[in-house]
Every structure is written in C-alpha cells, then in structure tokens.
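Accompanying notes for the structure given below.
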Amino acid sequence: MTAPPPAPVTAVFAVDSSPLGMFGYFSEHRSEVLTWLGYHAWLSALPVVLGLLISLPLGWLAHRHRWTYPPLVTAAGLLYTIPSIALFVSMPSIIGTQILDPINVAVALTVYTVALLVRVVADGLAAVPEDVAQAATAMGLTRRQRLWRVELPLAVPVIAAGVRVAVVANVSLVAVAGTIGVPELGQLFTTGFQLSVGSPYYPPITLGIVLCVLLALVFDLLVVGGTWLLTPWRRAVGRS
Amino acid sequence: MAWLNDPGNWTAPGGVFDQLAAHLQYALIALVIATVLALPAGLLIGHTGRGRWLITAANAMRALPVVGLLILLYVMLAPHIHGRGDTVYLVPTEIVLVLLAIPPILSNTFAGVDNVDPAVRDAAAGMGMRGGQVVRRVELPNALPLIFSGLRSAALQVIATATVAAYLGLGGLGRFVYDGQASQNFAERNAGALLVALLAVAVDLVLAVAQRYSVSRGVSGRFPKGAAPGRADVPGETGVAEPTKAPPPATHTA
Numbered sequence: 005m006t007a008p009p010p011a012p013v014t015a016v017f018a019v020d021s022s023p024l025g026m027f028g029y030f031s032e033h034r035s036e037v038l039t040w041l042g043y044h045a046w047l048s049a050l051p052v053v054l055g056l057l058i059s060l061p062l063g064w065l066a067h068r069h070r071w072t073y074p075p076l077v078t079a080a081g082l083l084y085t086i087p088s089i090a091l092f093v094s095m096p097s098i099i100g101t102q103i104l105d106p107i108n109v110a111v112a113l114t115v116y117t118v119a120l121l122v123r124v125v126a127d128g129l130a131a132v133p134e135d136v137a138q139a140a141t142a143m144g145l146t147r148r149q150r151l152w153r154v155e156l157p158l159a160v161p162v163i164a165a166g167v168r169v170a171v172v173a174n175v176s177l178v179a180v181a182g183t184i185g186v187p188e189l190g191q192l193f194t195t196g197f198q199l200s201v202g203s204p205y206y207p208p209i210t211l212g213i214v215l216c217v218l219l220a221l222v223f224d225l226l227v228v229g230g231t232w233l234l235t236p237w238r239r240a241v242g243r244s
Numbered sequence: 012m013a014w015l016n017d018p019g020n021w022t023a024p025g026g027v028f029d030q031l032a033a034h035l036q037y038a039l040i041a042l043v044i045a046t047v048l049a050l051p052a053g054l055l056i057g058h059t060g061r062g063r064w065l066i067t068a069a070n071a072m073r074a075l076p077v078v079g080l081l082i083l084l085y086v087m088l089a090p091h092i093h094g095r096g097d098t099v100y101l102v103p104t105e106i107v108l109v110l111l112a113i114p115p116i117l118s119n120t121f122a123g124v125d126n127v128d129p130a131v132r133d134a135a136a137g138m139g140m141r142g143g144q145v146v147r148r149v150e151l152p153n154a155l156p157l158i159f160s161g162l163r164s165a166a167l168q169v170i171a172t173a174t175v176a177a178y179l180g181l182g183g184l185g186r187f188v189y190d191g192q193a194s195q196n197f198a199e200r201n202a203g204a205l206l207v208a209l210l211a212v213a214v215d216l217v218l219a220v221a222q223r224y225s226v227s228r229g230v231s232g233r234f235p236k237g238a239a240p241g242r243a244d245v246p247g248e249t250g251v252a253e254p255t256k257a258p259p260p261a262t263h264t265a
C-alpha cells in the first residue's frame, strides 16, 4: 500500500478584501466584468445618440417657432423631474417590455437626454449672432442652407456642453438600474453589497466605482474631441 | 391603480403616509445641510473670485456613480454604527445625499454671483457698502434665480436618490419600489414609482413658487400689469445684471 501522494502545495493567498483588492477581483472575474462594462458603455452612449437625434429637430422647432418654446421646454423640464428608478420600473407597463429588459434603461435615458437637450439646442441656435445670420442670408443662402452651414455649426459648442452633461450623468444613472438586476456595472455594487453581509468586502464596489468614473471620463473626452473636430474656426482664432 | 385605491395601503404602519413622511424627512435633512455648507461657500468664492478650483472639484464629483458610493459608504460605516432603528442606513444615505446636493448649489451660487454686472457691484461699493453688505444686499438678490435653479436640481437628485436608498434597507417611497419588485407585486412597485415621480414634481413646483415670491421684481422683470415702474421696460436700464452666461445645466442622478 503506497502512501497517498502529498497534496500539491498551492500558494495560499489571503483573500484581499481591502479596496485595492479590486485588481485581484478583476482578474478573477474578467469576462463577467468586461461584459458588464460593455453593456454599461452601450447603455450610456446609445441614449445620448438617440436623444441628440430627437432633440435637434425639436430644439430647432422651439427656436424657429417661438410659441412652441414654452410648452416644449416646460414638458422637457417636467420629464426631467421624474426620478430614474421610477422611470426604469414603470417602462415595462408603458412600452410593454420585460422588467429586466435593457431596452427600459435605454428608452428611459433617451427621455432624459431629450429633456435636457431640447432646451440646449434651442438656446444654442438662439445664441447665434443676428448679424451672422443676416450675412448668411445676404450671401444668398436659403433658410435650410443657413441652418446647416451657419447656425448649427455655430451652436455646436453650446450643444456639446449639454451633451457632456448628459453622457456623464447617464453613466451614473445606468448603474442605478443594477439595483433592480439589469446587467451592467451596477451589478458590481449589488454583488459587493451581498458579499459584505457580516464583514465588509470592498473589491467589487471599488472596482465598479473606478470603472464608472473611467467610463464617464472616456465619454467626456470623446465629446470634447468631437467638438474640437467640428469647430475648426475656434482653433484658427487661437481660443480653445 | 388598484393598489393606490386601497385606503389600507395609505394609513397602515409603513403605508404611503409613513413612507412619504420618511422620504421628505431624508431629503429635507440633506438639503438643509448641503445649503448651509454650499451657499455661503458659493457666495464667498463668487465675491472674492478665489477658490474656483473648489467649483471644478465639486463638478468633477458628479461623475461618481451614486449607487456605488451609497453602497460603499454603507459597507464601510455599518460595522461602526450601533444606533437604534434606521441609523445604520440613515448615516451613509445622508452623507451621499449631502455630497450629491452640494455641487449644484455650490456651482449655481457661484455662477449667480459671478454673473452680477461689475458696474452694479461698483455702484454698491461707491454708495459706501462694505464687502459683507455688497454680498447680502446686492450679489445675493441678483444671484437668487440661479441659486434657486441649483436648489431645485439638488432637491430633484436628493429625492430621486432617497428612493435608491431603500435598496439598502432604508424606508421612504423606494420601499414600495423594491419590495414590490422583490415580491413580484407589480401594482405596488408601479404605485411606488408613480408616488416618487409625483413627489419630485410637487417639490419642484413648491420651490418654483418660492422662487417666484422671493426673487426681487427688479431682477425677474415680473411686474403686475400696469404697475411697471417707468424705466423697467427699457432693456439694460433696470439697474440689474442680465445673466450673461447660461447657468450650468442640471444633472440628473438617480
């Protein structure tokens, strides 16, 4: 009878439950966390694109026909007053989806983006100096050409400022949907919460916060970069 | 709707009235603390023009995910809090709510003071007002519309986030949302969502009315019909600063 082979000696790492344990947590749960990160990025960016596409004509309408400004901006402000968790859980009964369908989050955040940007687009177009618009007309531009070639480009910095706010707020808002179980980085917080029963377990929580902040930073830089590309005349003058 | 029509759901212990009171209480505590901290700071930074980095830092804080912060603080603080009842949930929640309410109040107060026409400020100094008097009698009244818009966006975020705090175990209207979700009682969940939305709209409305009655008519340009003083309708001659820069757009959090 031979002695059983000695148990293989494995390095025993103490589970690092300090905030910095997030690095270890990330390498252990890499694929899961990256999937959530992907969902999170998608759910924060898509509503901004959709919201911008919807707000541009609405904002133009509010600018072009002054009487539509008060109702449009008031309605937008009212929509913006609805807390996001309330909107996330009510979406299924409004648009007939399942409660955990990410579409709820995308639609709710599109609503917020439109609520924020309608006013920004209208005010941005209104801020175009009157003499510039008149000069464009004097050069023979039709009303449509004037909008596309003069007014809209000049409104880009104002609109971009609104888009920056929307995209950063969205990253934080998407995480809220994690508390009802929609898969994205917010699930790191609920996971951390459940693992902390008894004694604190920080890694998933700190990892989630760091990834959210990084994601917001990346989106913000993308918008700033896009604004830089779209406004070459500002560089020519030498101002930022 | 059926859930809301049952009077038992309103008056029972832990019913709508109780949670509504709790929700308002959490929000009010946070707003008062945040205003006491941020309003004087914003006035001071705007008046002296020094410490602008504080505004930038406060605005950068808006990128933090609120739910994450809430859960982090709870996990950190829970072992050290041995109070009765809700204290263990209340302390981290109030910290997050205060942190959340400070940036809009601070940056809007600063923007409001910063937007005051320098000529108006000089005139006040020329009339012999001291620094503190200029702040109280000139800069504060002129900045009031922007301060109110900061306060309204802070109130909105605080009410919204107090809902999420129910995920931790705190009371408030979020209880119905999370309890309904957990027990698959969707009528209760939807009723909770509706009540939170209504509360947010109602509080915004109250603040809008408060703004209407506290902002000087010289600043808002709102005069009763036929009572407009002679020069008030001449743009630029009302003696008050027209806001030159758009206020920073409000952010929405939870």
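Here the protein sequences come in this chain order: Y and S.
Mind the numbering: the first sequence is residues 5 to 244 in the numbering used here, read in order.
Mind the numbering: the second sequence is residues 12 to 265 in the numbering used here, read in order.
Here a beta-carbon is modelled for each residue, glycine too, at the ideal position from N, C-alpha and C.
None of these values were measured; they are calculated from a predicted model.
C-alpha distance - residue i paired with residue j, whole-angstrom precision
i	j	result
A13 of chain S	W152 of chain Y	51 Å
P90 of chain S	A130 of chain S	56 Å
A243 of chain S	L216 of chain S	Residue placement at A243 of chain S is poorly supported in this model, since its pLDDT is 44, which falls under 50; the coordinates are not used for a value here.
L31 of chain S	G183 of chain S	6 Å
V228 of chain Y	D29 of chain S	46 Å
A52 of chain S	R61 of chain S	11 Å
D20 of chain Y	L42 of chain S	37 Å
R238 of chain Y	E155 of chain Y	15 Å
L221 of chain Y	L155 of chain S	32 Å
H67 of chain Y	A140 of chain Y	18 Å
P161 of chain Y	M72 of chain S	23 Å
E253 of chain S	V77 of chain Y	At E253 of chain S the pLDDT is 43, less than 50, meaning the model places this residue with poor confidence; the figure from the coordinates comes in the next sentence. Whole-angstrom Cα-Cα distance: 21 Å.
H34 of chain S	A211 of chain S	11 Å
A173 of chain S	G191 of chain S	17 Å
G94 of chain S	G190 of chain Y	29 Å
T25 of chain S	A198 of chain S	The sequence shown places Gly at residue 25 of chain S, rather than the Thr named in the question. In a straight line, the C-alpha of G25 of chain S is about 17 Å away from that of A198 of chain S.
P207 of chain Y	V175 of chain S	21 Å
T231 of chain Y	Q138 of chain Y	25 Å
S200 of chain Y	G79 of chain S	13 Å
N119 of chain S	I107 of chain Y	34 Å
P152 of chain S	Q222 of chain S	11 Å
L233 of chain Y	L209 of chain S	42 Å
T46 of chain S	L54 of chain S	12 Å
P187 of chain Y	V132 of chain Y	43 Å
D97 of chain S	V149 of chain S	43 Å
E105 of chain S	I40 of chain S	8 Å
A23 of chain S	D17 of chain S	11 Å
Chain Y contact residues for residue i, given Cβ-Cβ distances below 9 Å
i	result
Q144 of chain S	What Q144 of chain S touches in chain Y: nothing, since even the nearest Cβ is about 34 Å away.
I40 of chain S	Per Cβ cutoff of 9 Å: no residues; I40 of chain S is ~18 Å from chain Y at best.
Contact list for residue i against chain S, beta-carbon separation under 8 Å
i	result
F27 of chain Y	Within chain S, no residue comes near F27 of chain Y; the closest Cβ sits about 17 Å away, beyond 8 Å.
L82 of chain Y	V212
P204 of chain Y	V86, M87, A89 and P90
G42 of chain Y	Near G42 of chain Y there are no residues of chain S at all, since even the closest Cβ is about 17 Å away, more than 8 Å.
Residue j beta carbon less than 9 Å from that of residue i
i	j	result
M26 of chain Y	V214 of chain Y	yes
S203 of chain Y	V125 of chain Y	no
G180 of chain S	V207 of chain S	no
L157 of chain S	A122 of chain S	yes
A171 of chain S	S48 of chain Y	no
G229 of chain S	D125 of chain S	no
V107 of chain S	V77 of chain S	yes
A90 of chain Y	G203 of chain S	yes
L177 of chain Y	L225 of chain Y	no
H44 of chain Y	L219 of chain Y	yes
I99 of chain Y	V109 of chain Y	no
Partner residues on chain Y for residue i, Cβ-Cβ distance less than 8 Å
i	result
N20 of chain S	In chain order: nothing, as chain Y lies at least about 17 Å away.
Y37 of chain S	Within 8 Å Cβ-Cβ: nothing; Y37 of chain S doesn't reach chain Y, min ~13 Å.
N201 of chain S	V93, S94 and S97
T174 of chain S	P87, I89 and A90
A48 of chain S	The residue asked about is misnamed: residue 48 of chain S is Leu in this sequence, not Ala. Those do not exist, as L48 of chain S stays about 21 Å from chain Y at its closest Cβ, beyond 8 Å.
Neighbour list for residue i in chain S, Cβ cutoff strictly below 7 Å
i	result
I86 of chain Y	A208 and A211
V172 of chain Y	R73 and A74
I184 of chain Y	Q192
Below-9 Å beta-carbon distance, residue i vs any chain B residue
i	result
F197 of chain S	The structure shown contains no chain B; its protein chains are Y and S.
Interface partners of residue i on chain Y, CB under 7 Å
i	result
G79 of chain S	A179, F193, I209, G212, I213 and C216
Chain S residues whose Cβ lies nearer than 9 Å to that of residue i
i	result
F197 of chain Y	I82, Y85, V86, Y178 and L179
L221 of chain Y	A74
Inter-stretch contact at 8 Å, needing at least 3 Cβ pairs: the stretch 158 to 166 of chain S / the stretch 107 to 119 of chain S: yes
Cβ pair count under 8 Å reaching 3, the stretch 74 to 94 of chain Y against the stretch 119 to 133 of chain Y: yes
Sufficient close CB pairs (3 or more, under 8 Å) joining the stretch 57 to 68 of chain S to the stretch 176 to 194 of chain Y: no
At least 3 beta-carbon pairs within less than 8 Å: the stretch 127 to 134 of chain Y vs the stretch 162 to 172 of chain Y: yes
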